[in-house]
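**Q** All residue numbers for the sequence shown refer to the numbering used here, where the first residue is 1 and numbers rise by one.
The structure's right below; bear with me while I get my questions together.
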Amino acid sequence: MALQFLIPLCFELSRFILFILLGCGYLYWWGSVTVMDKMTQKLQFADQLKVTMQAKGYAPKASILEREFNLRYFGKPITLHAAGKWLRGEAIPHNDKVVKLAKWLEVQPANLVYGLDLRDEIDRLS
Numbered sequence: 001m002a003l004q005f006l007i008p009l010c011f012e013l014s015r016f017i018l019f020i021l022l023g024c025g026y027l028y029w030w031g032s033v034t035v036m037d038k039m040t041q042k043l044q045f046a047d048q049l050k051v052t053m054q055a056k057g058y059a060p061k062a063s064i065l066e067r068e069f070n071l072r073y074f075g076k077p078i079t080l081h082a083a084g085k086w087l088r089g090e091a092i093p094h095n096d097k098v099v100k101l102a103k104w105l106e107v108q109p110a111n112l113v114y115g116l117d118l119r120d121e122i123d124r125l126s
């Protein structure tokens with residue numbers, strides 16, 4: 001019997017807390033930080049991809065990325081548009097594609113996505 005009254009009370013309490021947080025701007029601030037982090041990560045991925053392609057002797061162009069990636073990836077091929085979005089920092093590929101990119105460019109996947117070499121980080125922490 002008490003449970004029937006407790007559930008609506010919890011629901012109303014959570015709505016009240018949400019209203020207070022929205023009124024103070026905390027949820028908006030938290031959401032904008034999350035969006036900014038995603039944008040930063042996309043741009044960082046694009047920069048790392050360009051630098052790594054250049055280091056391996058490839059021009060960082062969408063046509064080259066599309067051709068070289070599709071030669072090595074046996075799933076659904078990427079389009080020229082998708083390759084351009086990766087290089088412009090508008091999108092990050094799914095994990096399986098990041099792994100294939102990393103194998104092709106002979107780097108760690110974390111180096112492409114986060115801009116760090118895990119071996120260097122492990123050595124630094126040891």
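C-beta atoms are modelled at their ideal positions from N, C-alpha and C, and glycine is treated no differently.
Do you know how far the Cα of Arg67 is from the Cα of Ala82?
**A** Residue 82 sits at position 82 when you count from the first residue of the sequence shown. Residue 67 sits at position 67 when you count from the first residue of the sequence shown. Their backbone Cα atoms lie some 12 Å apart in a straight line.
**Q** Indicate the three-state DSSP secondary structure (helix, strand or coil) for Lys76 in the structure shown.
**A** Numbered from 1 along the sequence shown, position 76 holds the residue referred to as residue 76. DSSP places Lys76 in coil when its eight states are reduced to three.
**Q** Who are the Cβ neighbours of Leu43 in its own chain at under 6 Å, not counting the five residues just before and after it?
**A** Position 43 of the sequence shown, counted from the first residue, corresponds to residue 43. Excluding positions up to five away in sequence, the list reads Gly89.
**Q** Using only the alpha-carbon positions, how far apart do Thr79 and Ala91 sit?
**A** Along the sequence shown, one-based indexing puts residue 79 at 79. Along the sequence shown, one-based indexing puts residue 91 at 91. Approximately 13 Å, taken between the alpha carbons.
**Q** Expressed to the nearest angstrom, what Euclidean distance is found between the alpha-carbon atoms of Tyr114 and Lys103?
**A** As a first step, residue 114 is located in the sequence shown; it is residue number 114 there, counting from the start. As a first step, residue 103 is located in the sequence shown; it is residue number 103 there, counting from the start. Each residue's Cα considered, the two are about 16 Å apart.
**Q** Arg72 to Lys100, Cα distance in whole Å?
**A** Position 72 of the sequence shown, counted from the start, is the residue given in the question as residue 72. Position 100 of the sequence shown, counted from the start, is the residue given in the question as residue 100. Cα to Cα, Arg72 sits roughly 7 Å from Lys100.
**Q** Quick check: the Cα distance between Val107 and Asp37, rounded to an integer number of angstroms?
**A** Taking the first residue of the sequence shown as position 1, residue 107 is located at position 107. Taking the first residue of the sequence shown as position 1, residue 37 is located at position 37. Their Cα atoms are separated by approximately 23 Å.
**Q** Kindly indicate the opening and closing residues of the alpha helix (DSSP H) around Tyr114.
**A** Here residue 114 corresponds to residue number 114 of the sequence shown, with the count starting at 1. That run of the alpha helix (DSSP H) goes Pro109 to Tyr114.
**Q** Can you look up Glu90 in the DSSP assignment and give me helix, strand or coil?
**A** As a first step, residue 90 is located in the sequence shown; it is residue number 90 there, counting from the start. Coil, per DSSP.
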